[in-house]
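**Q**
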Ligand SMILES: Nc1ncnc2c1ncn2[C@@H]1O[C@H](COP(=O)(O)OP(=O)(O)OP(=O)(O)O)[C@@H](O)[C@H]1O
Ligand SMILES: [Mg+2]
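Numbering (the working numbering), first residue to last: 686 to 976.
Below, the structure is given as structure tokens:
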């Protein structure tokens, strides 16, 4: 496999107090290093999980990958080409984010169709007479009935809204999706259906996915590789099976031990995690079509 995205030395620091006060006291400005020299290479077509406790820098890494974090140092390379501090429209298009809370990122006054069509037009993804048909294709791609194009976000279920969030990202035909806790707010059965969809998109479109999650069972089920973060740094980065069966870094071991489902790992075969059992049950998509 070829490396698609490479992060080198990504460092993001946020001020946590008054720089002036610190200078008057002869101290360095107080800051928190949300990312501290993160190196990461992501192979095309892979699903990379990012785990670690709250505040370890996962969302900052996500924002850095899509070009939204204020980098103090480091860079992101796409197919070996450096993406500058200000990405070109083409560079922006190729790495898209799917957020945790789609309601916060969808305009409540616009119908799903208006949202998708506007994006397609602004980015000139297709000729203007093909915009409506492409919007319908996108709905089918995320397994939503095209009739929902006329619905506003508040009429959709949480799972449907998240599918629209994914459709919106796919509208720009990205190579990479960065999903930051994208299923965390959903019911377990709806989560499973969205995870199935992400897997399907990887197969059908060859998408590369960076999947950030608190849920280790979900990461184990979905991802090829797992990156463990602690205090803004990557402490372990290995294929998923190896990492879960034989964590090398003490922090990873602690993280796995703290997750009840993984506490049994040392004591023989693990019971099937809920996400895996849901996958084999092929839960149908959630919610009935509206309107
Ligand atoms: N805009 C900001 N201003 C100041 N500090 C920030 C900002 N964004 C993040 N931080 C700090 O950077 C660190 C990393 O935050 P980040 O949101 O990346 O963590 P996270 O791993 O995504 O956490 P969670 O699991 O809770 O979502 C935290 O200490 C956080 O308080
Ligand atoms: Mg976060």
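The C-beta atom is built at its ideal place from N, Cα and C for all residues, glycine as well.
Taking the alpha carbon of residue 889 as the point to measure from, which residue in 706, 753, 877 and 731 has its own alpha carbon closest?
**A** It is 731 whose Cα lies nearest to the Cα of residue 889.
**Q** Could you tell me which of 935, 938, 923 and 927 sits nearest to residue 735, measuring between CA atoms?
**A** Closest option to residue 735, Cα to Cα, is 923.
**Q** Which residue wins for smallest C-alpha separation from residue 779, given the options 791, 764, 714 and 790?
**A** Per the Cα distances, 764.
**Q** Cα separation between residue 693 and residue 851?
**A** So the alpha carbons of these two residues sit roughly 27 Å apart.
**Q** Using 7 Å as the cut-off, classify the Cβ of residue 703 as near or not near the heavy atoms of ligand 2, replying yes or no.
**A** No, since every heavy atom of ligand 2 falls outside the 7 Å radius drawn around the Cβ of residue 703.
**Q** Going by alpha carbons, who is nearest to residue 689 out of 713, 728, 859 and 789?
**A** Of the candidates 713, 728, 859 and 789, the one whose C-alpha sits nearest the C-alpha of residue 689 is 728.
**Q** Is the beta carbon of residue 787 closer than 8 Å to that of residue 847?
**A** Yes. Within cutoff.
**Q** Please output, in chain order, the residues near ligand 1 using a CB cut-off of less than 5 Å to any non-hydrogen atom of the ligand.
**A** Taking each Cβ in turn, the ones that pass are 699, 717, 719, 739, 740, 741, 742, 743, 744 and 745.
**Q** In the DSSP output, what is residue 897 paired with across the bridge?
**A** 735 and 865, per the DSSP bridge assignment.
**Q** For residue 934, tell me which candidate among 750, 708 and 913 has the shortest Cα-Cα distance.
**A** Selected option, being the one with the closest Cα: 913.
**Q** Looking at the secondary structure, which residues open and close the beta strand (DSSP E) in which residue 689 lies?
**A** 688-700 is the span of the beta strand (DSSP E), which, as asked, contains residue 689.
**Q** Cβ-heavy atom distance between residue 900 and ligand 2 below 7 Å?
**A** It does not: the Cβ of residue 900 is nowhere closer than 7 Å to a heavy atom of ligand 2.
**Q** Hey, would you say residue 744 sits closer than 8 Å to residue 865, going by beta carbons?
**A** Taking 8 Å as the Cβ cut-off, residue 744 and residue 865 qualify as a contacting pair.
**Q** Using the beta-carbon count (16 or more within 10 Å), is residue 768 buried or exposed?
**A** Residue 768 is buried by the Cβ-count criterion.
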